[in-house]
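Novice: Starting off with a structure, shown below.
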Amino acid sequence: MLWLALSAFAAEPASAEAELVTRPNVAKLANGMTVILDENHRTDTVALHLTFGIGSRDELPGELGAAHLFEHLMFEGSEHVPTNKFDEWLTVAGGENNAYTSEDVTAYHMTFPSGAADLGLFLESDRMGYLLAGVNDENVANQRKVVLQERAEGYAEPNGRDWDALTRLVWPSDHPYHHPVIGTVSDVEGFTATATRAFFQKHYRPSNAVLAVVGHFDTEEMKAKIERWFSDVPEPEAPKTPRPGEYDDAVEWSPANGYIEDDVEERSVYLAWRTVPVGHPDEPALDLVERILSGGRGTRIDDRLYYDSGKATSVFAYHAVSEIGGLFIVAASSPETPLDRLVKLATQEIGYLPQGVPTPEEMDRARESIRTDWLDALEDPASRAEILVDCHRATGRPDCLVDEWKRYAAVTEADIVRVVKKYFDPETLVTLSVVPRGDPLYLEGAVPVELP
């Protein structure tokens, strides 16, 4: 196995970049799995983060929710780990674990004392290579029930359907991001052990995985451990399945206006514009727009809707980027202010940006806010491991934050004006009203949004 020590700079980088730079080791095993090691003795623990390039966007009709189902099945036992023993063994050793599924990936992470490294690596490798020994009709039936209960309970929570309703409005029916990550009731109910096993064999393969290990270990010793536990995980002979969907900057998006009724005490409105995928040249400027608009006292939408006028009881802006598209979201809630008034106030503030160019102070504050978030995340081994994986998947370099910071530092006031004019088009605005049940005061012309 070839291990490469990646150094971002031969000389010491500038102070801000020096805090962000990591110099991990990266390798590709013979079976195709990418491994990233970041030895760090400021902690006495080890964090492991494993990401598979399989998310809800990869699901075909009849499979909707399969990626999320495997988030559950991965804890239900494998060839050498009996049912219900994964969590038990790790907990006894002082470790903890969790997982998540998104449109683009399924990720598994665990943290454990450095002395439990072999246990953690064994558990992770066994479910990667030998999970199917534990996938049977009984387990699949049990996890179908768990997923459907999770879906029902999540949707029953106040505002629990907001995100899925919004993305259903935003993305056309043929877009890979259109359906909920948690799946549809009909597809989840129809999962069989045979179909589930076929889905696993197609997607959960070493060449579709990136593993990062961060924390208190010796790099050479950890290399040997990873070779021991993962080198015999087989790569299927069948070629990898091409991933559906791609970003197209030339697409002409259509507006949409929907509503849902919910068990809430106040009305909310979401405004969404389609933007760019992760790594796009305009991503940094749009991220800075988010921090200029919202993030506490002194930001434009927060001041206008909350601090100065009290028109909203809560407000936020968020730029969410994924692998084949992005969303810029502004949301506001109020029990009294009409939703159309909240929309007008929010869009006015966005519209003011090109007229009154952001001040240098606003630009500095926005950049510092992002930089602080990155530095805080890098201090935590689990978050650091996730960042290394995300960087590698996006750029091919686990130490990409150095260059990412340069991209954010290079954004000018003119760039802010340009992206606001380009992406915040009223003709492509998507709005979602969330109102109490029986309340007709959603935005005029809104149509009900049904979740499958």
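In terms of numbering that gives the first Met the number 0, the sequence shown has 208 at position 209, counting the first letter as 1, and numbering is strictly consecutive. In this text, a Cβ means the ideal position worked out from N, Cα and C, and glycines have one as well. The structure presented is a predicted model; accordingly, all values stated were derived computationally and were not measured.
1. Measuring alpha carbon to alpha carbon, tell me which residue in E149, F229, D248 and N207 is nearest T240.
2. Is H279 helix, strand or coil by DSSP?
3. For the segment 259-305, list the beta strand (DSSP E) runs that are entirely contained and at least 3 residues long, ordered along the chain.
4. Please check the pair P157 and D307, which I expect to be a contact at CB under 8 Å, by giving their CB distance rounded to whole angstroms.
5. Contact defined as beta carbons within less than 8 Å: I believe D117 pairs with K224. What is the distance between those atoms, to the nearest angstrom?
6. Taking just the CA atoms, how far does E322 sit from R167?
7. On a Cα-Cα basis, can you pick out the residue from E234, P112 and D173 that is closest to G93?
8. Could you give the DSSP three-state label for E245: helix, strand or coil?
9. Looking at E75: is its Cβ nearer than 8 Å to the Cβ of N138?
10. Between the beta-carbon of K310 and the beta-carbon of L344, is there less than 8 Å?
11. By the 10 Å Cβ neighbour count, where 16 or more other Cβ atoms means buried, how is N97 classified, buried or exposed?
12. List, from N- to C-terminal side, the alpha helix (DSSP H) runs of 4 residues or more that fit wholly inside the segment 145-227.
13. Going by beta-carbon coordinates alone, are T268 and S432 separated by less than 8 Å?
14. Between T358, F190 and H108, which has its C-alpha nearest A66's C-alpha?
15. Which value, in whole angstroms, describes the spacing of the CA atoms of V418 and G350?
16. Can you name, in chain order, every residue of its own chain whose Cβ lies under 7 Å from the Cβ of T336, other than the five neighbours on each side?
17. In three-state terms, what does DSSP make of M32?
18. Does the separation of the CB atoms of F327 and T411 fall below 8 Å?
19. Specify the secondary structure class of V410 as computed by DSSP and reduced to three states.
20. Please determine whether the Cβ atom of E412 lies at a distance below 7 Å from any heavy atom of the ligand HEM.
21. Three-state secondary structure (DSSP) at I323?
22. Ignore the nearest five residues each way along the sequence and tell me which others in A9's own chain have a CB closer than 8 Å to its CB.
23. Just verifying my parser: in three-state terms, what is the DSSP assignment at A10?
24. Under the assumption that V434 contacts L440 (Cβ atoms under 8 Å), give the Cβ distance between them as a whole number of angstroms.
25. For the beta strand (DSSP E) that A26 lies in, which residues bound it at each end?
26. Which residue comes first and which comes last in the alpha helix (DSSP H) that contains S382?
27. Starting from V434, trace the alpha helix (DSSP H) both ways and give me its first and last residue.
28. According to DSSP, is E236 helix, strand or coil?
29. Let me make sure I understand the geometry here. Which of D339, D424 and I415 has the alpha-carbon closest to that of E443?
30. Output yes or no for whether 8 Å exceeds the beta carbon distance between G31 and P205.
31. In whole angstroms, what is the alpha-carbon distance linking R242 and E188?
32. Start and end of the beta strand (DSSP E) containing E95?
33. With 16 other CB atoms within 10 Å as the buried threshold, where does H318 fall?
34. Quick one: what does DSSP say H40 is sitting in, helix, strand or coil?
35. With a Cβ-Cβ cutoff of 8 Å, do L130 and M73 count as a contact?
36. Please name the residue in R392, D281 and S313 whose C-alpha comes closest to that of V416.
Specialist: This is what the structure gives:
1. N207
2. coil
3. 266-273
4. At roughly 27 Å, the Cβ-Cβ gap does not stay under 8 Å, so P157 and D307 are not in contact.
5. 6 Å
6. 17 Å
7. P112
8. coil
9. yes
10. yes
11. exposed
12. 161-169, 184-188 and 192-202
13. The sequence shown places Val at residue 268, not Thr. It is a contact, given that the beta carbons lie within the stated cut-off.
14. F190
15. 12 Å
16. K310 and A311
17. coil
18. no
19. coil
20. Of the ligands one can find in the structure shown there are none, so the ligand HEM has no counterpart to examine.
21. coil
22. Its pLDDT being 27, under 50, A9 is placed unreliably in this model, and the value from its coordinates should be taken loosely. There are no such residues.
23. No answer about A10 holds up, because its pLDDT of 32 lies below 50 and its placement is not dependable.
24. 6 Å
25. N24 to K27
26. P380 to T394
27. It is not in any alpha helix (DSSP H) - V434 instead sits in the beta strand (DSSP E) that spans V429 to P435.
28. coil
29. D339
30. yes
31. 25 Å
32. E95 to T100
33. buried
34. coil
35. yes
36. D281
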